[in-house]
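**Q** Encoded as structure tokens, here's the structure I'll be asking about.
6 protein chains.
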Amino acid sequence: MTRDERFENGLTMLRRIDGEAGQKVIDSLADISPELGHQVVAWAFGDIYTRPGLPLRDRQLVTLGALTALGGCEPQLEVHINAALNVGLTPQEIVEVLLHSAVYCGMPRALNATFVAKKVFAERDLLPVTAP
Amino acid sequence: MTRDERFENGLTMLRRIDGEAGQKVIDSLADISPELGHQVVAWAFGDIYTRPGLPLRDRQLVTLGALTALGGCEPQLEVHINAALNVGLTPQEIVEVLLHSAVYCGMPRALNATFVAKKVFAERDLLPVTAP
Amino acid sequence: MTRDERFENGLTMLRRIDGEAGQKVIDSLADISPELGHQVVAWAFGDIYTRPGLPLRDRQLVTLGALTALGGCEPQLEVHINAALNVGLTPQEIVEVLLHSAVYCGMPRALNATFVAKKVFAERDLLPVTAP
Amino acid sequence: MTRDERFENGLTMLRRIDGEAGQKVIDSLADISPELGHQVVAWAFGDIYTRPGLPLRDRQLVTLGALTALGGCEPQLEVHINAALNVGLTPQEIVEVLLHSAVYCGMPRALNATFVAKKVFAERDLLPVTAP
Amino acid sequence: MTRDERFENGLTMLRRIDGEAGQKVIDSLADISPELGHQVVAWAFGDIYTRPGLPLRDRQLVTLGALTALGGCEPQLEVHINAALNVGLTPQEIVEVLLHSAVYCGMPRALNATFVAKKVFAERDLLPVTAP
Amino acid sequence: MTRDERFENGLTMLRRIDGEAGQKVIDSLADISPELGHQVVAWAFGDIYTRPGLPLRDRQLVTLGALTALGGCEPQLEVHINAALNVGLTPQEIVEVLLHSAVYCGMPRALNATFVAKKVFAERDLLPVTAP
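Residue numbers (this note's numbering), protein chains in the order written: chain R, 1 to 132; chain E, 1001 to 1132; chain U, 2001 to 2132; chain Z, 3001 to 3132; chain P, 4001 to 4132; chain C, 5001 to 5132.
So, in structure tokens, the structure goes:
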């Protein structure tokens, strides 16, 4: 596969899971680091996300766990909470994921991630989230 | 629910997903911080893990993402890679989870977690892991 | 103790140390993750903070050290610098805590935390902080 | 104060709170980075620890909170759990500090720090730790 | 060297590499923690940055790697991306540094740092950054 | 460039900078996650390290800053302190890099990295490191 084909592959995946939000991130890199944009698309979304063996819903569960634990990744959490909804996770499940993560990374990071979810859900008219 | 009932609830869950490994961690806390042992069992496993709305397999995906990203949690990764196998994730899926996490937390943490998986899989006679 | 009693216990403690700021955080969780709000109150403030053996002033010293070192916890630092004042730490002591933490987590995290303290102290009319 | 006086100041403090353990760390830097050894002594212990306005017991509470939250600092936790005992914190208080920190940095880091405390307490014949 | 001389030394270095941005940070500490301001200047810039054996350009490469990996240090990245330009790193090199760091700390932290670079480069009229 | 060509490219680079140590890491992944081994070689060393615009010596400065700050990456620091020597950094410069990083990530992480350097330098008969 050529560099361009890897990029095209990644772009298809990026659009599928992140919609316009992912594209906007790549666009905003055009005048500062187009290569970082290329690597996010061609490597992360083209080479890794497209691999068989782990469905997209599972990948988003891992991603939410990792981004919540890392801390300071609120912009990426915003993109990937949208992505989580796009690949079939429900608002209730996402909220439960963030509560669960508190066990491993503590209350502050779980709270920060939950307030990002609140922003995303508000924009998509998904509030209030009711108990499962 | 009383404090003891919450603990019993948690112990049942702990045994179900972590088997003896979880029990050993709690036992080794007995002479230094029995209360931390109580909180891990009663709160983490009793109050959080037993909640409806997110299956145990999903919880382990989130846990692996969080522990890999945190770094320095090799003892907990060992327990939870065992747990992941116990709740139905395959070795191939676990390996893919750790590869996926490299996108978010970088190669060193993904490598460290993968070598913990290698140790766990060796003990359970699950090596080599073949491509999916 | 029942789930409701643990929550009531925590609410009393939360109001005592965080005042309105803590309540606001819980309120803002009501439409997104009332369970996370419950766990912060019932578990963190009800089960842990109320334990004997470590006075509230000591708990805030530990909390400030942990939040400063974690990074990316500015909203929680804001709440807990207020809490530190509420349980008897002086502005001079809080500033010294953040300077001390620089030894362990480096200058950037100490600076970020100190600028949160500046915001809190300004709101409470405690600036300038004079040398001890 | 001269560079040597700052170092002497720091060495006095280091011996007071860390005893031989601190001296051993400095000695082991002699053939690789004597300047790092100098900075730990002269700056951290000489300039910062000796400042008025925060008693040594308070400084160790902050230090334990920060080191637990950082993760991967087990060697430093070993030195500073010893230091905490040396400046008057009881085993019960130290164990409570580490439990408290779980609220902010999650269970894995609290567990890792607690097992370091177990090692230190065993060496000083302080096990088992009984409830306060 | 006296405390004041160490401070003067540091101030000269701070102005040389950070220009007005560094001075502003120190000024903004005057009413909250003048001692933290003193330590940043006298210790970090006076004692460490002025040491022989590592040129300033090399020190900024290390600093950018560390700040990107830490996460949550966007204010410090802003100061030090300016500093990197001031000591001779080109915009292309800085962008490449941040891309390189993605290998070690993952895409989110590399993206966050790159968007800080975009802000700094825009203020200094250095956009677009063209391929090397 | 094909997947195999990217891998061959990366392998050439890996051998050039990491020597046998890098190859050993890849080999040890063969029975657990050959794909992670492939990505480290083909992406990190093939796609990123081979890019023009930043010399290998500069890349190692960034890498050491990032790995020191991350914490818990001692195995990777061992590989990359060797790599730093291989691409022309002197022991004195490496030691200075780790001292410099203390400003940004605190003393514990700088100490941990320095003790990894001591191990590597001992194996390569480079101790004691003398002042520059």
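Glycine residues also receive a C-beta, built at the ideal position from the N, C-alpha and C atoms. Just so you know, these numbers come straight off a predicted model, no measurement behind them.
Whole angstroms are fine: how far does the CA of R/Leu-67 sit from the CA of R/Asp-27?
**A** Roughly 22 Å between the two C-alpha positions.
**Q** When you compare each of C/Asp-5125, C/Asp-5031, C/Arg-5015 and C/Trp-5043 to C/Asp-5004 by their alpha carbons, which one comes out closest?
**A** Among C/Asp-5125, C/Asp-5031, C/Arg-5015 and C/Trp-5043, the Cα nearest to that of C/Asp-5004 belongs to C/Trp-5043.
**Q** Distance cutoff 7 Å, beta carbons only. Does C/His-5038 sit that close to anything in chain P?
**A** No, C/His-5038 does not count as interfacial toward chain P.
**Q** Rounded to the nearest angstrom, what separates E/Phe-1007 and P/Val-4087 at their Cα positions?
**A** Going from the Cα of E/Phe-1007 to the Cα of P/Val-4087 covers about 59 Å.
**Q** Would you kindly check if the distance between the Cβ of P/Leu-4054 and the Cβ of C/Glu-5096 is under 7 Å?
**A** Closer than 7 Å, so yes.
**Q** Give the interface partners of P/Asp-4058 over in chain C, defined as CB-CB distance under 7 Å, in chain order.
**A** Leu-5061, listed in chain order.
**Q** Kindly indicate which residue of Z/Leu-3070, Z/Leu-3029, Z/Arg-3016 and Z/Pro-3034 has the alpha-carbon position closest to the one of Z/Leu-3098.
**A** Among Z/Leu-3070, Z/Leu-3029, Z/Arg-3016 and Z/Pro-3034, the Cα nearest to that of Z/Leu-3098 is on Z/Leu-3070.
**Q** Starting from P/Gln-4023, find everything on chain C with Cβ-Cβ shorter than 8 Å and list it in chain order.
**A** Neighbours of P/Gln-4023 on chain C: none; closest Cβ ~18 Å, over 8 Å.
**Q** Any C-beta of chain C sitting closer than 7 Å to the C-beta of Z/Cys-3073?
**A** Chain C, which has a Cβ nearer than 7 Å to the Cβ of Z/Cys-3073, makes this yes.
**Q** Looking at the structure shown, is Z/Arg-3003 part of a helix, part of a strand, or coil, going by DSSP?
**A** Of the three classes helix, strand and coil, the one that applies to Z/Arg-3003 here is helix, per DSSP.
**Q** At the level of alpha carbons, what is the spacing between Z/Ile-3081 and Z/Ala-3122?
**A** Roughly 12 Å separates the two Cα atoms.
**Q** By the criterion of Cβ-Cβ separation under 8 Å, what are the contact partners of P/Met-4013 in chain R?
**A** Within chain R, no residue comes near P/Met-4013; the closest Cβ sits about 28 Å away, beyond 8 Å.
**Q** Have a look at U/Asp-2018 and U/Glu-2035 and give me their C-alpha separation to the nearest angstrom.
**A** The alpha-carbon atoms of U/Asp-2018 and U/Glu-2035 are separated by roughly 19 Å.
**Q** Could you tell me whether any Cβ in chain Z is nearer than 7 Å to the Cβ of U/Glu-2078?
**A** For U/Glu-2078, the answer is no, since every Cβ of chain Z falls outside 7 Å of its Cβ.
**Q** In chain order, which continuous runs of the alpha helix (DSSP H) of length 4 or greater are located wholly inside the segment 2023-2068 of chain U?
**A** Runs found: 2034-2039.
**Q** Which residues in chain U sit within 7 Å of E/Arg-1003, going by Cβ to Cβ distance?
**A** Near E/Arg-1003 (Cβ distances below 7 Å), the residues of chain U are Met-2001.
**Q** List the whole-angstrom C-beta distance separating U/Gly-1955 from U/Gly-2046, where the pair is believed to meet the contact cut-off of C-beta under 8 Å.
**A** Residue 1955 of chain U lies beyond the residue range present for chain U, which begins at 2001 and ends at 2132; the question has no answer from this structure.
**Q** Can you list, in chain order, the residues of its chain whose CB lies under 8 Å from that of Z/Pro-3128, leaving out five sequence neighbours each side?
**A** No residues qualify anywhere along the chain.
**Q** Residues of chain R with CB under 8 Å from U/Leu-2067, in chain order?
**A** Those within 8 Å of U/Leu-2067 in chain R are Pro-108.
**Q** Which two residues bound the contiguous alpha helix (DSSP H) that contains P/Val-4116?
**A** It spans 4107-4123 - the alpha helix (DSSP H) in which P/Val-4116 sits, taken as one unbroken run.
**Q** Short of 7 Å in beta carbon distance, which residues of its chain neighbour U/Leu-2056, apart from the five on each side in sequence? Order them along the chain.
**A** Hits under 7 Å: Ile-2017 and Val-2087.
**Q** Could you tell me how far apart the beta carbons of R/Val-79 and R/Gly-22 are, in whole angstroms, since I believe they sit closer than 8 Å?
**A** R/Val-79 to R/Gly-22, Cβ: 6 Å. Contact.
**Q** Please decide whether R/Val-97 counts as near chain Z, where near means a Cβ-Cβ distance under 7 Å.
**A** No, its Cβ sits nowhere closer than 7 Å to a Cβ of chain Z.
**Q** So the candidates are Z/Gly-3072, Z/Leu-3111, Z/Ala-3131 and Z/Arg-3015; which of them puts its Cα closest to the Cα of Z/Thr-3090?
**A** Looking at the Cα atoms, Z/Ala-3131 is the closest of the given residues.
**Q** Output, in chain order, the set of chain Z residues within a Cβ distance shorter than 8 Å of C/Leu-5127.
**A** Correct list: Asp-3031 and Ile-3032.
**Q** Go through its chain and collect everything with a Cβ distance to R/Thr-50's Cβ below 8 Å, but skip five positions before and after it.
**A** Cβ neighbours of R/Thr-50 beyond the five flanking positions: Asn-9, Gly-10 and Met-13.
**Q** At which residues does the alpha helix (DSSP H) containing P/Val-4079 begin and terminate?
**A** It spans 4074-4086 - the alpha helix (DSSP H) in which P/Val-4079 sits, taken as one unbroken run.
**Q** Check whether the Cβ atoms of U/Cys-2040 and R/Met-107 sit closer than 7 Å, and answer yes or no.
**A** According to the sequence provided, residue 2040 of chain U is Val. The question's Cys does not apply to it. For U/Val-2040 and R/Met-107, yes; Cβs fall inside 7 Å.
**Q** Where E/Ala-1110 and C/Ser-5033 are concerned, what is the direct C-alpha to C-alpha distance, given to the nearest angstrom?
**A** Cα to Cα, the separation comes out at about 11 Å.
**Q** Step through the CB atoms of chain P and report whether any lies within less than 7 Å of the CB of U/Thr-2114.
**A** True, the Cβ-Cβ gap to chain P drops below 7 Å.
**Q** With DSSP collapsed to three states, give me the class of R/Pro-128.
**A** If DSSP states are grouped into helix, strand and coil, R/Pro-128 belongs with coil.
**Q** For E/Gly-1010, does the three-state DSSP call read helix, strand or coil?
**A** Of the three classes helix, strand and coil, the one that applies to E/Gly-1010 here is helix, per DSSP.
**Q** Considering only the beta carbon of each residue, do R/Ile-94 and R/Ala-113 sit closer than 7 Å?
**A** No. Outside cutoff.
**Q** Just to make sure I have the definition right: I need the residues of chain Z whose C-beta is within less than 8 Å of the C-beta of E/Ala-1044. Which are they?
**A** Correct list: Met-3107.
**Q** Taking C-beta pairs closer than 9 Å, name the residues in chain Z that C/Ala-5117 reaches, listed in chain order.
**A** Under the 9 Å cutoff, chain Z gives Ile-3032 and Ser-3033.
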